[in-house]
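First comes the structure, then the notes that go with it.
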Amino acid sequence: MKILNDDEKDSHWQAVLVEGVKGTVIGAGLAGLLVAGVKRRYPIPYRNFSTSIKAAMWAMPTISMAAFYADEGSVKFDEQTYRSDYLNKLEQERLERWNNLSTGDKIFTQVNDNKYKIIVGAWAASLWGSWEIVNKDKYMTTAQKAVQARVYAQAITVVLLLGTLLLSMHEKKLEEGLPQPVPEWKRYLEEQESNKQSALQHAQKSQKETHGEVHKQDS
Numbered sequence: 002m003k004i005l006n007d008d009e010k011d012s013h014w015q016a017v018l019v020e021g022v023k024g025t026v027i028g029a030g031l032a033g034l035l036v037a038g039v040k041r042r043y044p045i046p047y048r049n050f051s052t053s054i055k056a057a058m059w060a061m062p063t064i065s066m067a068a069f070y071a072d073e074g075s076v077k078f079d080e081q082t083y084r085s086d087y088l089n090k091l092e093q094e095r096l097e098r099w100n101n102l103s104t105g106d107k108i109f110t111q112v113n114d115n116k117y118k119i120i121v122g123a124w125a126a127s128l129w130g131s132w133e134i135v136n137k138d139k140y141m142t143t144a145q146k147a148v149q150a151r152v153y154a155q156a157i158t159v160v161l162l163l164g165t166l167l168l169s170m171h172e173k174k175l176e177e178g179l180p181q182p183v184p185e186w187k188r189y190l191e192e193q194e195s196n197k198q199s200a201l202q203h204a205q206k207s208q209k210e211t212h213g214e215v216h217k218q219d220s
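Under the numbering used here, residues 2 to 220 are what the sequence shown spells out, in order.
Put into structure tokens, the structure is as follows:
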């Protein structure tokens, strides 16, 4: 465990504070949208909410986002301060692999790296879209509309799952054509061994130079 000095503590605190404030602003914005949506959609139930529930609707998103961003700020500070060389090396390797990919593989990689965001977003959009479509039917009851919207959403969910399966299959095929990555623990040991060898060679060189100077003085 590394012991931080005062300057590092101050820098770490500033990084956490900045990200925490950013998360607070974003969380407050989300809370405002949530409260506005509930007030517009369900005005009567909202008026019947207790003060603690209304306060929680503001506090929970704000506190959650502030804590999340503050934690991310701490992690990013540690990475940039103590692992910058290692992370830069990894980023260089990723860039080299990226440049060797075809255009189609680059598009696939971008989609695959963000597949869960895309899937969750598409799933949420499908729920909303299904309800909006079904809700236009004036002859169906609310229960019938809910059942019909669920059927549409389930069909879209199956399509998304099949898309995820195809992405995984193509990812596996793409990885087979790439060189086997070196595990991080092995790379770390190799770097430590290389640093030891460099330090040993430097010490031997310094020792030889010292002996040479002593020999010249004696002669």
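Note that the Cβ used here is the ideal one computed from N, Cα and C, for glycine as well. Nothing here was measured: the structure is a model prediction, and the numbers come from that model.
How big is the Cα-Cα spacing for asparagine 49 and lysine 146?
27 angstroms
Apart from the five residues on each side of it in sequence, which residues of its chain come closer than 7 angstroms, Cβ to Cβ, to histidine 171?
Phe109
Between the C-alpha atoms of glutamate 80 and leucine 91, what's the straight-line distance to the nearest angstrom?
12 angstroms
Tell me the DSSP secondary structure of serine 51 in three-state form.
coil
Nearest by alpha-carbon distance to valine 152: which of Thr142, Glu192 and Ser127 is it?
Checking every option, the nearest Cα to that of valine 152 belongs to Ser127.
With C-beta atoms as the reference, is alanine 71 less than 8 angstroms away from glutamate 20?
yes
Starting from threonine 142, follow the alpha helix (DSSP H) in both directions and report where the run begins and ends.
It is not in any alpha helix (DSSP H) - threonine 142 carries neither H nor E in the DSSP assignment.
Reducing DSSP to helix, strand and coil, say where tyrosine 153 ends up.
helix
By the 10 Å Cβ neighbour count, where 16 or more other Cβ atoms means buried, how is threonine 52 classified, buried or exposed?
Classification for threonine 52: exposed.
To the nearest angstrom, how far is it from the Cα of threonine 63 to the Cα of glutamate 194?
Rounded to whole angstroms, the gap between the alpha carbons of threonine 63 and glutamate 194 is 47 angstroms.
Among Asn115, Thr142, Ser103 and Ala204, whose alpha-carbon lies nearest the alpha-carbon of serine 169?
Asn115
On the DSSP letters alone, give me the boundaries of the alpha helix (DSSP H) that asparagine 136 sits inside.
Unbroken alpha helix (DSSP H) run through asparagine 136: 116-136.
Relative to the C-alpha of methionine 33, which residue among Lys10, Ala16, Trp99 and Met61 is closest?
Per the sequence shown, residue 33 should be read as glycine rather than methionine. Nearest of Lys10, Ala16, Trp99 and Met61 to glycine 33, Cα basis: Met61.
Between tryptophan 124 and leucine 161, how many whole angstroms is the CB-CB distance? I'm expecting something under 8 angstroms.
So it is a contact: roughly 6 angstroms between Cβ atoms.
Should alanine 200 go down as buried or exposed, given a rule of 16 or more other Cβ atoms within 10 Å for buried?
So alanine 200 counts as exposed.
Just the C-alpha distance for isoleucine 27 and isoleucine 119, rounded to the nearest angstrom, thanks.
Straight-line Cα distance between these residues: approximately 21 angstroms.
Could you tell me whether the Cβ atoms of methionine 58 and glycine 24 are closer together than 8 angstroms?
no
Applying the criterion that 16 or more other CB atoms from any shown protein chain within 10 Å of the CB defines a buried residue, is leucine 16 buried or exposed?
Correcting the residue identity first, residue 16 is alanine in this sequence and not leucine. So alanine 16 ends up on the buried side.
Can you tell me the Cα-Cα spacing of asparagine 113 and glutamate 94, whole angstroms?
19 angstroms
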